[in-house]
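K.L.:
Protein chains in written order, with the numbering used here: chain E, 132 to 721; chain C, 17 to 221.
The structure's right below; bear with me while I get my questions together.
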Amino acid sequence: MPTIKSSVAGHASATGEAHTHEMSFLRKYIFSTDHKIIGIQFLIMSLVFLLAGGVLAMVIRWQLGFPGQAMPGGGVLPDTMAPDGIVLPEFYNALVTMHGTFMVFFAIMPLLVGVFGNYLIPLKIGAPDMAFPRINMASFWIAVPAGIMMIAGFVVEGGHAAAGWTSYAPLSERADLSGVSMGQILWCISLIILGLSSILGSFNYITTVINLRAPGMHWFRLPLSIWALFVTAILVLLAMPILSGAIIMLLFDQTIGTHFFGPAQGGQPLLWQHLFWFFGHPEVYILILPAMGFASDIIANGSRKPVFGYASMVFAILAIAVLGWGVWGHHMFMSGMNPTLGTSFMISTMLIAVPSAIKVFNWLGTIWLGSVRFHTPMLHAVAFVSMFIIGGLSGIFMASTPVDIYIHDTYFIVAHLHYVLFGGSLFAIFAAITYWYPKMFGRMMNPFWAKAHFVLTFVAYNFVFFPMHQLGLQGHMRRIFDPNEYEFLQHLQGLNTFISISAFVLFAAQFIFAINFIASWFVGEKAPDNPWDDNGLEWTVPSPPPHGNFATIPRVYRGPYEYSSPLVQEDFLPQNRELPPQPAGSAAHT
Amino acid sequence: MAHATPTLEENMMDPPRGYEEGAGVYNEKLGMWVFLGSEIMFFTALIGSYIILRVAHPEAWKPPGEVLNVPLTAINTFLLICSSVTMVKAFAAIQDGNLAGLKRWLIATVIIGAGFVGVQVFEYIHLVNDGFVPSEGLYGSTFYTMTGFHGFHVTVGVICLMYVTWRAFQGKYSAADHRGVEVVGLYWHFVDLVWIILFTIVYLI
């Protein structure tokens, strides 16, 4: 028999304060091992990086919208970046590189995995904390120096890394080609450290989901957000070390003179591309699977209906995760590839459209005939689905080799990737933040300003990225400093200026969110335990949950999507509510 | 059916108490197996790159034994395999509750592991003095990166083993609870296994 220590019952008192108030501020909020605090730490850090990445994007849009003109406020930048506020081409290269790096590695990925993986997994499966709380803490505090290093690259001699966020060799490998040495080295070291942080986080998540589910929480009673985070953790675990290995070789090429990717001594630039995209394509699904999970939870809640086709949702997640390993070559159709191999990559890529479409139709089936509640998270989740459809369809264009050859490295790609990364992931992140904010901070966000932020973001976002398809089809190259240098692109300047002005509106709209986020933290309306009438275990505990999460370990009786169940009067039925046994014959509904 | 919330210590029992059936092993063991999956992918990146570069440019490699000291490294390989044996002995000892045996076999493992790293450093110094450096073509690039990262893993393993040994001397392990010994053992055997592959493809082929 397991012995339950008497101190345990004390620590699990309803408020949880009996245990927590003994801890110093430093242990409770800074070097905390509590998964909820670590999640919030990741949230703050990655939102700062999201803002920083946005600022970089604004400078890029200024240069493209108003090429060669002095940027308002650009005078504060040193002459090595923008003398008199006019952006230099070298600085522009660093801008596009770091915009991608910040957004992918320090904003979207930690927002999805670091924040909500940490915050939701123990709460939603009914565990008191992660399996390894101290390793969890380490994974955050390892990410901090990585972030500082990545920012520090801007102020070192030679400027920041400028070979694109994909750092293609040999440009990234030889300082004499790019003019950048220290910046690229910092880029490498920072991402190696961040990779370690991600790996530590992911094996913790995997162990927690496998071993610490509350009694009755069968695999097929897990919320889809947890399924998605679990599968994502497996992808992170297996893909990140490939990137680490590749970057270590790149770093050695730069620093101790090895020849992995330099063609002069027999190295292979193509090897970098294969390694990078062998990591990079699972990475794409790392960036979208959790978003799909959050959308599933929130759409079921907003529609007051069970998720349509729960099991097919789970198998679609698994199928995407498996197929995602066999498609990396579609990034390299133009890098020199045997056409037969290209065809096989084309087919494997198109296959991924099948599970993706299953998910989309299931979301539509969930909303269909629901009594929909259009709360802010629901709006963001529906935006996620619709934008993901556009992004997914443009992906089919690029998967087809004959089309890709024409649109490769144009703004069509930029449009596509922003439709899945911004329209997809980021809208789902906004949905998740607005949904779980009351649980995290114990206060509601202001619903009017949250909706205002949604409407402005949704409209401005489409004004920014939809015209980019048009730019791309007309041959407008991505990462180009000044399109006016080409005569055939000059007539597109008007469209570019329109995109830039829309981008400034989009950026400005994010301050509504930022102010709402910060102000609600202090003066928001107090949140009840279950503001959205949700079934998940996290809504059965106080907002914010006490240290240790659950006063008693919950027992789970059903899946998470029993909305509008005929068994109860309310239109929701929490996973841990025990119902009296049903009379024989009436069990047909369950 | 009200259970008290398990403490973190109870989470780590074998298997964790009070939960839905999971992997059937305690958290640290499951976590280490999962983590080793990550390590496999890391070494796959290095070994895969090595194979691709070598197939493309076989002329960049010297015949086995011309540059590298195969007999010395063969002895070193034998040492590392022996350290896996001593690790198994340490684990077997504590399973029987033999704390003295655990300490003895752990110390042996630490010494052999440290000896392996020492021989590797000695080998590096000689090679560099002979002009075989990391910038020496693809041969030098792959040799130093692969063996270097393996050596780094062995070093980390020795540090972990020293920690476990220190805890053994404090009497923290028993026949009932010896998770630390088993988990560090898993890592140690993995590092050993990787070396057998690296020794074969880097030195012998």
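Beta carbons: idealized from backbone N, C-alpha and C, even for Gly.
All of these numbers come straight from a predicted model, not from anything done at the bench.
Any contact of the segment 265-279 of chain E with the segment 48-62 of chain C, i.e. 3+ C-beta pairs under 8 Å?
P.N.:
Flag = no, the segment 265-279 of chain E and the segment 48-62 of chain C do not touch.
K.L.:
Where does Trp689(E) fall in DSSP's three states?
P.N.:
Before going further, note that residue 689(E) is Arg rather than Trp in the sequence given. It is coil, neither helix nor strand.
K.L.:
Roughly how many angstroms separate the alpha carbons of Ile212(C) and His584(E), rounded to a whole number?
P.N.:
Taking the straight line joining both Cα atoms gives about 58 Å.
K.L.:
Can you pull the DSSP bridge partners for Phe703(E)?
P.N.:
Phe703(E) is bridged to Tyr694(E).
K.L.:
Does the separation of the CB atoms of Met48(C) and Val199(C) fall below 8 Å?
P.N.:
Their beta carbons are under 8 Å apart, which means Met48(C) touches Val199(C) by this criterion.
K.L.:
Taking Cβ-Cβ distances shorter than 9 Å, what residues in chain C pair up with Ala377(E)?
P.N.:
Neighbours of Ala377(E) on chain C, chain order: Ala61, Ser65.
K.L.:
Hey, Ile97(C) and Asp208(C): beta-carbon distance below 8 Å or not?
P.N.:
Yes, the pair counts as a contact, with Cβ atoms nearer than the cut-off.
K.L.:
Threshold first: 4 residues or longer. Then list the alpha helix (DSSP H) segments lying entirely within the segment 422-459 of chain E, N to C.
P.N.:
For the segment 422-459 of chain E, whole alpha helix (DSSP H) runs of length 4 or above, ordered along the chain, are 441-454.
K.L.:
Check this for me: beta carbons of His166(E) and Met240(E), under 8 Å apart or not?
P.N.:
No, the pair does not count as a contact, with Cβ atoms beyond the cut-off.
K.L.:
Counting only C-beta atoms, is Glu198(C) closer than 8 Å to chain E at any point?
P.N.:
No, Glu198(C) does not count as interfacial toward chain E.
K.L.:
Could one say the Cβ of Met348(E) lies closer than 8 Å to chain C's Cβ atoms, at least one of them?
P.N.:
Yes, Met348(E) counts as interfacial toward chain C.
K.L.:
Any residues in the segment 260-283 of chain E with a beta carbon nearer than 7 Å to a beta carbon of chain C? Which ones, in chain order?
P.N.:
Of all residues in the segment 260-283 of chain E, Asp260, Ala262, Phe263, Pro264 have a Cβ within less than 7 Å of some Cβ in chain C.
K.L.:
Can you list, in chain order, the stretches of the beta strand (DSSP E) that have 3 or more residues and sit fully within the segment 559-635 of chain E?
P.N.:
Here no run is fully enclosed.
K.L.:
Would you mind stating whether Gly433(E) and Leu355(E) have Cβ atoms separated by less than 8 Å?
P.N.:
Not closer than 8 Å, so no.
K.L.:
Could you check which residue in Asn707(E), Leu369(E), Ser479(E), Pro421(E) has the C-alpha nearest to that of Arg352(E)?
P.N.:
Taking only the C-alpha atoms, the option nearest Arg352(E) is Asn707(E).
K.L.:
Does the beta carbon of Met162(C) come closer than 8 Å to any beta carbon on chain E?
P.N.:
With 8 Å as the cut-off, Met162(C) does not count as an interface residue toward chain E.
K.L.:
According to DSSP, Thr541(E) sits in a beta bridge with which residue or residues?
P.N.:
Answer by DSSP bridge pairing, in chain order: Met608(E).
K.L.:
For Ile324(E), is the classification buried or exposed, using 16 other Cβ atoms within 10 angstroms of its Cβ as the cut-off for buried?
P.N.:
That one is buried.
K.L.:
Which word fits Ser190(C), buried or exposed, when buried means at least 16 other C-beta atoms lie within 10 angstroms of its C-beta?
P.N.:
The residue is exposed, with fewer than 16 neighbouring Cβ atoms inside 10 Å.
K.L.:
Nearest-angstrom Cα distance between Val367(E) and Gly326(E)?
P.N.:
Computed Cα separation, rounded: 9 Å.
K.L.:
Please compile the residues from chain E whose C-beta is within a distance smaller than 8 Å of the C-beta of Pro150(C).
P.N.:
The contacting residues are Phe383, Ile387, Gly388, Thr389.
K.L.:
Use the C-beta contact count for Lys436(E): other C-beta atoms within 10 angstroms, 16 or more gives buried, fewer gives exposed.
P.N.:
Classification of Lys436(E): buried, given that the 10 Å Cβ count is 16 or more.
K.L.:
Would you mind telling me which residues of chain C sit closer than 7 Å to Met154(E), beta carbon to beta carbon, in chain order?
P.N.:
Those do not exist, as Met154(E) stays about 15 Å from chain C at its closest Cβ, beyond 7 Å.
K.L.:
Is the beta carbon of Ala422(E) less than 8 Å from the beta carbon of Ser525(E)?
P.N.:
It is not a contact, given that the beta carbons lie outside the stated cut-off.
K.L.:
When the cut-off is 8 Å and only beta carbons count, does Met380(E) lie next to chain C?
P.N.:
Chain C contact via Cβ: present.
K.L.:
Under the rule that 16 or more other beta-carbon atoms within 10 Å means buried, what is Ile684(E), buried or exposed?
P.N.:
It counts as buried.
K.L.:
With a CB to CB cut of under 7 Å and the five nearest residues on each side skipped, what residues in its chain are close to Ala39(C)?
P.N.:
For Ala39(C), where only same-chain residues beyond five positions count, the Cβ hits under 7 Å are Leu46.
K.L.:
What three-state label does DSSP hand Thr211(E) in the structure shown?
P.N.:
In the structure shown, Thr211(E) sits in coil (DSSP, three-state: anything other than H, G, I, E or B).
K.L.:
Provide the residue(s) that pair with Lys657(E) in DSSP beta bridges, ordered along the chain.
P.N.:
Bridge partners of Lys657(E): Arg574(E).
K.L.:
Any idea if Thr474(E) is buried or exposed, counting beta-carbon neighbours within 10 angstroms, 16 or more meaning buried?
P.N.:
Exposed: under 16 other Cβ atoms inside 10 Å.
K.L.:
When you compare only the Cα positions, how much space is there between Ile320(E) and Leu382(E)?
P.N.:
So the alpha carbons of these two residues sit roughly 8 Å apart.
K.L.:
Taking buried to mean at least 16 other C-beta atoms within 10 Å of its own C-beta, is Glu693(E) buried or exposed?
P.N.:
Glu693(E) should be labelled buried.
K.L.:
What are the residues in the segment 330-345 of chain E lying within 9 Å of chain C by C-beta distance?
P.N.:
Within the segment 330-345 of chain E, the residues whose Cβ lies closer than 9 Å to some Cβ of chain C are Ile330, Leu331, Ser333, Phe334, Asn335, Ile337, Thr338, Thr339, Val340, Ile341, Asn342, Leu343, Arg344, Ala345, listed in chain order.
K.L.:
Among the candidates Glu139(C), Ala192(C), Tyr155(C), whose CA atom is the shortest distance from the CA of Asn92(C)?
P.N.:
Here the closest residue by C-alpha is Glu139(C).
K.L.:
Is Ile483(E) helix, strand or coil by DSSP?
P.N.:
Looking at Ile483(E) - three-state DSSP - the assignment turns out to be coil, as it is neither helix nor strand.
K.L.:
Tell me where the alpha helix (DSSP H) around Thr171(C) begins and ends.
P.N.:
Where Thr171(C) is concerned, the enclosing alpha helix (DSSP H) stretches over 153-185.
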